Every structure is written in C-alpha cells, then in structure tokens.
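What follows is a set of notes on a single structure, which appears directly below.
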Amino acid sequence: MNQRRDFLKKMGLASAGLLMAQSDLLAARSFAKPKQIGLQLYTLREELAKDVKGTISKVSKIGFNHVETFFNYSGDVSKDLFWNLKASELKQLLSDNNLVTHSGHYQLNDFLTPNKGNDDALKTQIELAATLGQKYLVVPVPPFGLIDKMTLDDYKFMAAQFNKAGEMCHKAGLQLGYHNHFWEFKVLQDNKSGYDVLLEETDPALLSFELDLFWTVKAGKNPVELFKKYPKRFVMWHVKDIDKQFAKAVYPDANKKGIFDTLREVKFTEVGTGAVNFKEIFAHNKDLEYIFVEQDQIYREDKFESIKMSYDYIKGNLI
Numbered sequence: 001m002n003q004r005r006d007f008l009k010k011m012g013l014a015s016a017g018l019l020m021a022q023s024d025l026l027a028a029r030s031f032a033k034p035k036q037i038g039l040q041l042y043t044l045r046e047e048l049a050k051d052v053k054g055t056i057s058k059v060s061k062i063g064f065n066h067v068e069t070f071f072n073y074s075g076d077v078s079k080d081l082f083w084n085l086k087a088s089e090l091k092q093l094l095s096d097n098n099l100v101t102h103s104g105h106y107q108l109n110d111f112l113t114p115n116k117g118n119d120d121a122l123k124t125q126i127e128l129a130a131t132l133g134q135k136y137l138v139v140p141v142p143p144f145g146l147i148d149k150m151t152l153d154d155y156k157f158m159a160a161q162f163n164k165a166g167e168m169c170h171k172a173g174l175q176l177g178y179h180n181h182f183w184e185f186k187v188l189q190d191n192k193s194g195y196d197v198l199l200e201e202t203d204p205a206l207l208s209f210e211l212d213l214f215w216t217v218k219a220g221k222n223p224v225e226l227f228k229k230y231p232k233r234f235v236m237w238h239v240k241d242i243d244k245q246f247a248k249a250v251y252p253d254a255n256k257k258g259i260f261d262t263l264r265e266v267k268f269t270e271v272g273t274g275a276v277n278f279k280e281i282f283a284h285n286k287d288l289e290y291i292f293v294e295q296d297q298i299y300r301e302d303k304f305e306s307i308k309m310s311y312d313y314i315k316g317n318l319i
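Per UniProt numbering, numbering through the sequence shown is continuous, rising by one, with the last residue being 319.
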C-alpha cells in the first residue's frame, strides 16, 4: 500500500511544464499509417487461462507485434493479476517473446457510477498500466450495473469523470481512452446519443477513443463520418468483422429488444471474410496510432488459426 502511495505521489510531482508539453503533444499529434498489428488478448481468454506462456509464444510466432491487455479489478491487489502473473512478470513474458503492450482495458465501475465516484480502482490500475509500460489506459464499457439503462445524465457524469481521470492519467504519463460497443450509439433524447455526449463533453487532450469497427458498423454508423466529424479523437481501432449473414444493423430493433437480447443476435468472423468494408475505413487512417485484432467469439476449433487469418488479411491488404 505504501509503495502504491509513493508511486502516485512521485507521479504527481512531475513538473507542470512537462505535463503541459505532453498535453499539447497529445492534442496536436497526427499519426503515420500503422505498420504493426496488435491483438486484444480477450480474444484468447480461454487459452490464456490454460497456458499463458504457450499462448503468448504462439501469438508472437504468428507475427503480432504488440498486445492489448484486459483486466477485471477485484479490489485485491495482493493477488497475481494476469493469469497468475504480476504486471512486471507479464511485461517480462511479453519481452521474452518480442512483444510489448501499448494499451490495456481496465474497469472503473464505481468511479463511473453516479453517487459513487470512488477513484481507488483508478489509482491502482494506473500503477498497473505504468508497470506494464503502457501508454493508454482504456475503459471498455460503462458501469456494469447501468449498461442496459444508461441515461443521457449518466453519460454526462461519465464524461465529467473521464476529464478527471484523464488528468490523473496524465500525471502518471498515461493517456485515458474509451472503447465502444453498440449501446453508446442509442439515441436517448434531444436526438443525442451517449457517444455524442462522451465526444462533446470531454477534453480531447484528456480522453482519446478506441473505435471498435464491428460495433460501430453494427450500430448503423459509418466510422469514416465519425473520423471527419471528430478529427484526432480516434487514435486506436479494434479491427474485427461481422458475419455476412448477420450484417443488419441492430438499430432500431435494439430499442425494443434491449441490449442483452440483441447481443444474442450478433456473430463475428475473421477479418476480411465478413461485411465490414475495411479498405474504405483504412483509407481514412491519418489519426490512427494502433490497431488491434479482436474477435469476441471464435467459432473455429483452432483459435490460433482464426487470429492468423485476420492477421494475414490485414498485413496483406490494409497496411
């Protein structure tokens, strides 16, 4: 506990000039076309639980250059956190396999829930991300208890909390990010969606966005239009494909079915074999820094064959 406090204290003592320079850089940056391909490790969650070392080795041998971690904060930081590995041990395992991690998904349920706002988990996870050498601390979902009943006011609270969290992340040399699903695009009132609120009411220097191309298209939105409307916000993409037989957008039907019934009617497939027009999307990648293959469900028996198919398509056709 004392070590964590000392870490955060040291991070808070960074010079104001350095922080201002970092914020200016984050706000003004423009990225070259990505040459490397990452993997969101959630794709192989079952394999990692069985054999983390063997799984990471296979990911590297396929050709992936970096990985995005995922982490479910339980409140007990004394336990080994990543498949029986501490953050420092996972970082070494990645290094041993010529991999790095630039980004991780973290859980901020209490911090993002109105009338709670507890930042203990955020402080702990900032330390984890810093130990792993990550650049982005990404929140992948609204508070679990509110996921199917988020209001515009709930999203406004999230936006305000993201601005606070973004400042805390900057003090530790990190950048805060948000990853979408489809429900953020639901029109709630005044012709506004929760995603509109998050984009419009957060400081661009404090919150970046990781656009999940699958969920964006499934929500009936065109990623290219978002890039044009909100330049420099979408610095990372989840590159995953929609089974052609399930290509229909979820809205407006999802308004009646609800989130969980809608989730039962989606199906994923390997990148390049489905309904997403990746070549059109990748033609508008001037603000893009990192890409990650992700497939929430893999239906092939050999999951490594599946991610290799996605890797090969991206390598041969998109970058």
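Glycine included, every Cβ here is placed at the ideal spot set by N, Cα and C. Small disclaimer: the values here were computed from a predicted structure and weren't measured.
Quick one: what's got a C-beta closer than 7 Å to residue i's C-beta in the same chain, skipping five residues either side?
i: asparagine 98; result: Ser60
i: glutamate 47; result: Thr55 and Lys303
i: methionine 309; result: Glu270
i: tyrosine 311; result: Ile37, Ile62, Gly63, Phe64 and Val293
i: glutamate 201; result: Lys156 and Ala159
i: aspartate 281; result: Before going further, note that residue 281 is isoleucine rather than aspartate in the sequence given. Leu213, Pro223 and Val224, listed in sequence order.
i: arginine 300; result: Ser306
Mapping the DSSP letters down to three states, classify residue i as helix, strand or coil.
i: glycine 316; result: helix
i: leucine 213; result: helix
i: phenylalanine 70; result: strand
i: isoleucine 37; result: coil
i: valine 139; result: strand
i: valine 293; result: strand
i: leucine 176; result: strand
i: isoleucine 242; result: strand
i: glycine 117; result: coil
i: glycine 104; result: strand
i: threonine 269; result: strand
i: asparagine 197; result: Before going further, note that residue 197 is valine rather than asparagine in the sequence given. Of the three classes helix, strand and coil, the one that applies to valine 197 here is helix, per DSSP.
i: valine 250; result: coil
i: phenylalanine 278; result: helix
i: isoleucine 307; result: helix
i: leucine 207; result: strand
i: proline 223; result: helix
i: isoleucine 56; result: helix
i: tyrosine 230; result: coil
i: isoleucine 62; result: helix
i: lysine 9; result: Any reading at lysine 9 must be qualified, since the residue scores a pLDDT of 47, below 50, and its modelled position is unreliable; no value is offered.
i: tyrosine 299; result: coil
i: asparagine 109; result: coil
i: asparagine 98; result: coil
i: leucine 19; result: Reliability fails at leucine 19, whose pLDDT of 42 lies under 50, so the model's placement of it is uncertain and no value is given.
In the DSSP assignment, the beta strand (DSSP E) including residue i goes from what residue to what residue?
i: glutamate 127; result: No beta strand (DSSP E) holds glutamate 127; the alpha helix (DSSP H) holding it covers 120-132.
i: methionine 236; result: 234-239
i: leucine 81; result: From DSSP, leucine 81 is part of no beta strand (DSSP E); its letter is neither H nor E.
Residue i lies in the alpha helix (DSSP H); which residues open and close that run?
i: isoleucine 259; result: 259-263
i: valine 147; result: First, the amino acid is wrong: residue 147 is isoleucine here, not valine. No alpha helix (DSSP H) holds isoleucine 147; DSSP gives it neither H nor E.
i: phenylalanine 157; result: 152-171
i: leucine 48; result: 45-50
i: lysine 286; result: Lysine 286 -> no alpha helix (DSSP H), and no H or E assigned at all.
Looking only at DSSP bridge pairs, what is residue i linked to?
i: glutamine 92; result: Answer is none; glutamine 92 lacks a bridge partner.
i: valine 187; result: Ser193
In chain order, what residues of the same chain lie with their CB nearer than 8 Å to the CB of residue i, ignoring the 5 residues before and after it?
i: asparagine 317; result: Gly272, Phe278 and Lys279
i: glycine 133; result: Lys91, Val100 and Thr101
i: leucine 94; result: Ile56, Val67, Val100 and Thr101
i: leucine 146; result: Thr113 and Asp154
i: glycine 148; result: According to the sequence displayed, residue 148 carries aspartate and not glycine. So the qualifying residues of the chain are Trp183, Gly258, Ile259 and Phe260.
i: leucine 288; result: Phe31, Lys33, Pro34, Phe234, Val235, Met236 and Trp237
i: leucine 152; result: Leu188, Gln189, Asp190, Lys192, Gly194 and Val197
i: glutamate 167; result: Leu206
By Cβ distance below 6 Å, which residues in the same chain neighbour residue i in space, the five residues on each side in sequence not counted?
i: threonine 216; result: Pro223
i: residue 327; result: In the structure displayed, the chain extends from 1 to 319; residue 327 sits before or after that span and is not available.
i: valine 52; result: Trp83
i: leucine 128; result: Ala87
i: aspartate 110; result: Lys116 and Asn118
i: tyrosine 106; result: Phe71, Gln125 and Leu137
i: phenylalanine 162; result: Thr202 and Leu207
ask   = Okay, do the segment 189-202 and the segment 152-159 touch, 3+ Cβ pairs below 8 Å being the bar?
value = Output reads yes: the segment 152-159 touches the segment 189-202.
ask   = Counting pairs of beta carbons, one from the segment 181-188 and one from the segment 222-233, are three or more of them closer than 8 Å?
value = no
task = Kindly confirm or deny that the segment 138-148 and the segment 281-301 touch, where touching means at least three C-beta pairs closer than 8 Å.
result = no
message = For the structure I just gave you, are there three or more beta carbon pairs, one from the segment 255-264 and one from the segment 37-46, closer than 8 Å?
response = no
query = How do the segment 201-216 and the segment 162-180 stand: do at least 3 beta-carbon pairs fall below 8 Å, yes or no?
reply = Yes, the segment 201-216 is in contact with the segment 162-180.
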